[in-house]
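Novice: If you read the sequence shown in the working numbering, its first letter stands for residue 58, the second for the next number, and so on.
The structure that follows is given in the form of structure tokens.
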Amino acid sequence: MAEANITVLGAGVVGLTTALLLSKNPKYNVTIVAKHMPGDYDIEYASPWAGANYFPVAKPGSLGEQYERNTWPELKRLASHLPEAGVHFQDSTVYNRTKDAGSATQVWFSELLKPDAWFKEVMPNFRVLPQNELPEGIDSATGFTSVCINVSIYLPWLASQCLKNGVVLKRGIVNHVADAADHHHTGKRADVVVNCTGLNSRFLNGVNDGKVFPARGQIVVVRNEPGIMTSISGTDDGSEEATYIMQRAAGGGTILGGCYQVNNWDSQPDPNLATRIMKRCIELAPTLTNGKGIEALSIIRHGVGLRPVREGGQRIEKERLGDVAVVHNYGHGGYGYQTSYGTAEKAVRLVESALEPAARL
Ligand code: FAD
Numbered sequence: 058m059a060e061a062n063i064t065v066l067g068a069g070v071v072g073l074t075t076a077l078l079l080s081k082n083p084k085y086n087v088t089i090v091a092k093h094m095p096g097d098y099d100i101e102y103a104s105p106w107a108g109a110n111y112f113p114v115a116k117p118g119s120l121g122e123q124y125e126r127n128t129w130p131e132l133k134r135l136a137s138h139l140p141e142a143g144v145h146f147q148d149s150t151v152y153n154r155t156k157d158a159g160s161a162t163q164v165w166f167s168e169l170l171k172p173d174a175w176f177k178e179v180m181p182n183f184r185v186l187p188q189n190e191l192p193e194g195i196d197s198a199t200g201f202t203s204v205c206i207n208v209s210i211y212l213p214w215l216a217s218q219c220l221k222n223g224v225v226l227k228r229g230i231v232n233h234v235a236d237a238a239d240h241h242h243t244g245k246r247a248d249v250v251v252n253c254t255g256l257n258s259r260f261l262n263g264v265n266d267g268k269v270f271p272a273r274g275q276i277v278v279v280r281n282e283p284g285i286m287t288s289i290s291g292t293d294d295g296s297e298e299a300t301y302i303m304q305r306a307a308g309g310g311t312i313l314g315g316c317y318q319v320n321n322w323d324s325q326p327d328p329n330l331a332t333r334i335m336k337r338c339i340e341l342a343p344t345l346t347n348g349k350g351i352e353a354l355s356i357i358r359h360g361v362g363l364r365p366v367r368e369g370g371q372r373i374e375k376e377r378l379g380d381v382a383v384v385h386n387y388g389h390g391g392y393g394y395q396t397s398y399g400t401a402e403k404a405v406r407l408v409e410s411a412l413e414p415a416a417r418l
């Protein structure tokens, strides 16, 4: 196989993971070009705002199920053997209230709440909680062991793994997806561009995907420790609000969430929503404050991120735009970490096929 020049456009979890897998092939010269890099906090950059945990939400038999299934082994390996990646195991419980049926959160979590979920064979220690373990107001619950990722360690770790394999990281803003080919570090035009621009695939020329839209998520990061990773099927504060708690690995604090506000682009935290989130979280996990009120929460920061949702799921496809092959890998919604390796593996296979001699004609 001849050498190939590849530009990965985007340095979120999707771009970094795709570049890392590509860089394992010594024939590939990989450049990452991005407006935002690990260390930045910006409303146009979803990855730093994620919890991030692995709570499978894909429907059984869907492509999403394959992506989640294929991502778990690597996250499990990182949590088991590579503490420097900032991923740790967490005991998890997901509570269900029958009255939430049909609400946005219940629909989003529907697989997560099932006693016979497809991932019961995948996640360690899956169990349905017996009635006598259910708190008041809860109708059913499942438990399993999952992971929580400290993204402020994990994103730089991904970048440094790329650097170790010879990937070059560059800042740049691209107006047309095919123009990313001109940003290759060799000075030559790239043979393939991998588009990992998340929500901006809606506006990026040459892509302009109208199926991509934001689902706004607001979080509060606190120093308190809950002792459990947990979530629930809905809230009494409206269909677009959610409650979840996850403690990041290695001193990353605890994420209190949240909401899922479709087509809401507001970058600023709403203080009223923040109060509701904190109240709901201490109700769900009183261990957070040892039974005290929200004044006992020690706040590190408030945050807002936009999940890059795509109607119909992620777009992982290839096409040819003039002299350059473009492989798309975007639209990861609220599950970009938990599908990151599954989707990146597929994108790498598409890059390989785009570089076959017949495809280059
Ligand atoms: P992004 O991180 O947005 O990265 C896009 C990249 O493209 C950036 O580097 C940007 O600068 C670059 N870019 C875009 N346009 C251009 C351009 N024209 N020129 C140059 N560069 C460009 N997922 C989970 O799996 N588990 C969770 O627990 C979880 N929790 C979440 C909680 C919240 C509050 C939010 C907001 C998200 C959560 N997610 C979670 C979802 C996850 O964060 C996203 O799916 C993921 O970060 C998307 O990554 P991405 O790389 O596609 O996009």
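Positions of the beta carbon are idealized from the N, C-alpha and C atoms, including for glycine.
Every value quoted in this text rests on a predicted model; they were computed, and no experiment measured them.
Please report the distance separating the alpha-carbon of Asn347 from that of Val179.
Specialist: Cα to Cα, Asn347 sits roughly 33 angstroms from Val179.
Novice: Looking at Thr162: is its Cβ nearer than 8 angstroms to the Cβ of Ser397?
Specialist: Result no, Cβ atoms of Thr162 and Ser397 do not sit closer than 8 angstroms.
Novice: For His233 and Leu261, what's the separation of their Cα atoms in angstroms?
Specialist: Distance between the alpha carbons of His233 and Leu261 is about 6 angstroms.
Novice: Just the C-alpha distance for Cys219 and Gln304, rounded to the nearest angstrom, thanks.
Specialist: Their backbone Cα atoms lie some 27 angstroms apart in a straight line.
Novice: Using the rule of at least 16 other Cβ atoms within 10 Å of the residue's Cβ for burial, across every protein chain shown, is Gln395 buried or exposed?
Specialist: That one is buried.
Novice: Between Val74 and the rest of its own chain, which residues show a CB-CB distance below 7 angstroms, the 5 nearest in sequence each way excluded?
Specialist: The displayed chain sequence assigns Thr, not Val, to residue 74. Excluding sequence neighbours, Thr74 sits near Leu215, Ser397, Tyr398, Ala401.
Novice: Run through DSSP, which three-state label would Phe201 get?
Specialist: Phe201 falls in the strand class under three-state DSSP.
Novice: Can you check DSSP and say which residues form a bridge with Tyr301?
Specialist: BP columns for Tyr301 point to Ser288, Gly314.
Novice: Should Ile210 be listed as close to ligand 1, given that the test is whether its C-beta is under 7 angstroms from any heavy atom?
Specialist: Not so, every heavy atom of ligand 1 lies at least 7 angstroms from the Cβ.
Novice: For the structure I just gave you, are there three or more beta carbon pairs, one from the stretch 266 to 281 and one from the stretch 348 to 362, closer than 8 angstroms?
Specialist: The stretch 266 to 281 vs the stretch 348 to 362: in contact.
Novice: Using the rule of at least 16 other Cβ atoms within 10 Å of the residue's Cβ for burial, across every protein chain shown, is Ile210 buried or exposed?
Specialist: Ile210 is buried by the Cβ-count criterion.
Novice: Looking only at its chain, what residues have a beta carbon closer than 6 angstroms to the beta carbon of Gly108, apart from the 5 residues adjacent to it on each side?
Specialist: Excluding sequence neighbours, Gly108 sits near Met303, Ile312.
Novice: Grab the span of the beta strand (DSSP E) containing Ile339 for me, first residue to last.
Specialist: Run containing Ile339: none in the beta strand (DSSP E); it sits in the alpha helix (DSSP H), 328 to 341.
Novice: Can you give me the C-alpha to C-alpha distance between Asn82 and Ser104, rounded to a whole angstrom?
Specialist: Their backbone Cα atoms lie some 25 angstroms apart in a straight line.
Novice: Nearest to Ala136 by alpha carbon, out of Leu170, Cys205, Ser149, Leu186?
Specialist: When only C-alpha atoms are compared, the closest one is Cys205.
Novice: In angstroms with no decimal places, state the Cα-to-Cα distance between Lys171 and Ala416.
Specialist: Taking the straight line from one Cα to the other gives about 44 angstroms.
Novice: Can you check the stretch 182 to 254 for any alpha helix (DSSP H) of at least 4 residues that lies completely inside it and give the ranges in chain order?
Specialist: As far as the stretch 182 to 254 is concerned, its whole alpha helix (DSSP H) runs of at least 4 residues are 208 to 221.
Novice: Please state if the CB of Ile63 and the CB of Val251 are separated by a distance shorter than 8 angstroms.
Specialist: Contact flag set, yes.
Novice: Count the other C-beta atoms from every protein chain shown that fall within 10 angstroms of the C-beta of Thr254, then say buried if there are 16 or more, exposed otherwise.
Specialist: With 16 or more Cβ atoms within 10 Å of its Cβ, Thr254 is classed as buried.
Novice: Please report the residue range of the alpha helix (DSSP H) in which His138 lies.
Specialist: Per DSSP, His138 belongs to the alpha helix (DSSP H) from 120 to 138.
Novice: State the DSSP-derived secondary structure class of Glu141, mapped to helix, strand or coil.
Specialist: Reduced to three states, the DSSP call for Glu141 is helix.
Novice: Output the distance between the C-alpha atoms of Val47 and Pro326, rounded to the nearest integer angstrom.
Specialist: Given a span of 58 to 418 for the chain in the structure shown, any question on residue 47 remains unanswerable.
Novice: Look at Leu363 and Arg273 and say whether their C-beta atoms are less than 8 angstroms apart.
Specialist: Their beta carbons are under 8 angstroms apart, which means Leu363 touches Arg273 by this criterion.
Novice: From this set, Met94, Tyr152, Pro181, which residue's C-alpha is nearest Pro130's C-alpha?
Specialist: When only C-alpha atoms are compared, the closest one is Pro181.
Novice: Beta carbon of Cys6: closer than 7 angstroms to some heavy atom of ligand 1?
Specialist: The structure shown does not extend to residue 6, since the chain is modelled only from 58 through 418, so no value can be given for it.
Novice: Roughly how many whole angstroms lie between the Cα atoms of Gly393 and Ser167?
Specialist: Between Gly393 and Ser167, the C-alpha separation is close to 18 angstroms.
Novice: Let me make sure I understand the geometry here. Which of Ser288, Gly309, Ala382 has the alpha-carbon closest to that of Cys316?
Specialist: The candidate whose alpha carbon is nearest that of Cys316 is Ser288.
Novice: Can you list, in chain order, the residues of its chain whose CB lies under 8 angstroms from that of Arg246, leaving out five sequence neighbours each side?
Specialist: The residues are Asn62, Ala238, Asp239, Asp380, Val381.
Novice: In whole angstroms, give me the CA-to-CA distance for Ala307 and Trp165.
Specialist: Cα-Cα distance, rounded: 29 angstroms.
Novice: Is the Cβ-Cβ distance between Asp157 and Ile285 less than 8 angstroms?
Specialist: It is not a contact, given that the beta carbons lie outside the stated cut-off.
Novice: Roughly how many whole angstroms lie between the Cα atoms of Ser160 and Thr300?
Specialist: The straight-line gap from Cα to Cα measures roughly 13 angstroms.
Novice: Given a threshold of 16 other Cβ atoms within 10 Å of its Cβ, counted over all protein chains shown, does Asn265 qualify as buried or as exposed?
Specialist: Label assigned to Asn265: exposed.
Novice: Go ahead and pull the three-state DSSP assignment for Leu412.
Specialist: Note: Leu412 maps to coil in three-state DSSP.
Novice: Distance check for Val269 and Lys375, CA to CA, integer angstroms please.
Specialist: Straight-line Cα distance between these residues: approximately 17 angstroms.
Novice: Return yes when the C-beta of Glu101 is under 7 angstroms from any heavy atom of ligand 1, and no when it is not.
Specialist: Glu101: yes, Cβ under 7 angstroms from ligand 1.
Novice: Let me check one thing: in DSSP terms, what residues is Thr88 bridge-paired to?
Specialist: Thr64, Val225, per the DSSP bridge assignment.
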